[in-house]
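Counting along the sequence shown from 1, when you hit position 151 you're at 150 in numbering that gives the first Met the number 0, and nothing is skipped either side. Beta carbons: idealized from backbone N, C-alpha and C, even for Gly.
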Amino acid sequence: MFRSVLFASLLWLLVSCTPPAGDDYVRLPVDIQQLRNAVTLGPGDVFDVRVYGEKDLSGIYRVSAEGTIHFPLVGEVRVQNLSPSEVATLLQDRLRDGYLREPFVTVTIKEYNSKKIFVLGQVAKPGTFPFEGEMNIVQAVTLAGGFTPMARKNNVIVTRVDKGEEKRIQVPVESISEGLAPNLPLRPGDIVYVPETVL
């Protein structure tokens, strides 16, 4: 239910996105924090935890092979398959339980290293998919059930974290499928967003 609401929110936020033609990296009116919260954590992922007013509790954490982190005061915390906002809420609850009166926690992804990708927007089955081998964007869209009739097929946006920076790449998937443009290799952690056609 939670992820369904996030998917719906993303559609509403991004419906009018029209990237300028010809730009590899484009500026879009995207709520990046909501986009991040549509994805979940896995082993190897690195994220930044900030506890307001508590410098000693803030820091960078890497998800272990068991899907956990060791957090000060509260000990082992399972974060695998949780979104950043869910992790923040979980840590707040744990800290509130006998440690801090009103903790405020934020979680920001620094590296997506777990082997998965995320396909959102105008596809038949939006969601999280395992990253397998040398995956490309056409394969990702196919895994998600293909485009819906309302998909803007030549304006697909791939969001990825590269050396700590968030980058967005405009990809003409329809042209790729027709052999008119080179395919785009994906990386683990990439977020593929298919916007809706504006009538």
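Beta-carbon proximity of residue i to residue j, cut-off 8 angstroms
| i | j | result |
| --- | --- | --- |
| Val-140 | Phe-146 | yes |
| Thr-88 | Arg-151 | no |
| Gly-58 | Tyr-111 | no |
| Leu-99 | Val-76 | no |
| Val-118 | Val-48 | no |
| Val-78 | Val-62 | yes |
| Val-155 | Val-191 | yes |
| Lys-114 | Phe-130 | yes |
| Pro-184 | Asn-153 | no |
| Gln-121 | Pro-194 | yes |
| Arg-167 | Arg-186 | no |
Cβ shell of residue i (< 6 angstroms), same chain only, five flanking positions each side left out
| i | result |
| --- | --- |
| Asn-80 | Thr-39 |
| Thr-127 | Lys-115 and Phe-117 |
| Glu-173 | Lys-152 and Asn-153 |
Buried/exposed call for residue i, threshold 16 Cβ in 10 Å
| i | result |
| --- | --- |
| Asp-161 | exposed |
| Gly-178 | exposed |
| Ile-116 | buried |
| Ser-82 | buried |
| Pro-181 | exposed |
| Asp-44 | buried |
| Gly-41 | buried |
| Glu-133 | exposed |
Where residue i sits in the DSSP three-state scheme
| i | result |
| --- | --- |
| Pro-83 | helix |
| Leu-119 | strand |
| Thr-39 | coil |
| Val-50 | strand |
| Val-140 | helix |
| Thr-67 | strand |
| Thr-88 | helix |
| Arg-77 | strand |
| Arg-61 | strand |
Cβ shell of residue i (< 7 angstroms), same chain only, five flanking positions each side left out
| i | result |
| --- | --- |
| Trp-11 | Any answer about Trp-11 is weak, because its pLDDT of 41 lies below 50 and its placement is not dependable; what the coordinates show is given next. There are no such residues. |
| Pro-125 | Phe-6, Val-118, Leu-119 and Ala-143 |
| Phe-70 | Val-76 and Leu-90 |
| Ala-123 | Ala-143, Gly-144, Gly-145 and Thr-147 |
| Ser-176 | Val-137 |
Sequence-distant residues of the same chain with beta carbon closer than 8 angstroms to residue i, five excluded per side
| i | result |
| --- | --- |
| Leu-94 | Val-50, Leu-56, Leu-72, Val-73, Pro-102 and Val-104 |
| Gly-21 | Note that Gly-21 scores 38 on pLDDT, short of 50, meaning its location in the model is unreliable; the coordinates nonetheless yield the value given after this. There are no such residues. |
Original post:
What runs of the beta strand (DSSP E), each 3 residues or longer, lie entirely inside the region 153-198?
Top reply: Residue ranges of uninterrupted beta strand (DSSP E) with 3 or more members, entirely inside the region 153-198 and ordered along the chain, are 155-161, 164-170 and 190-193.
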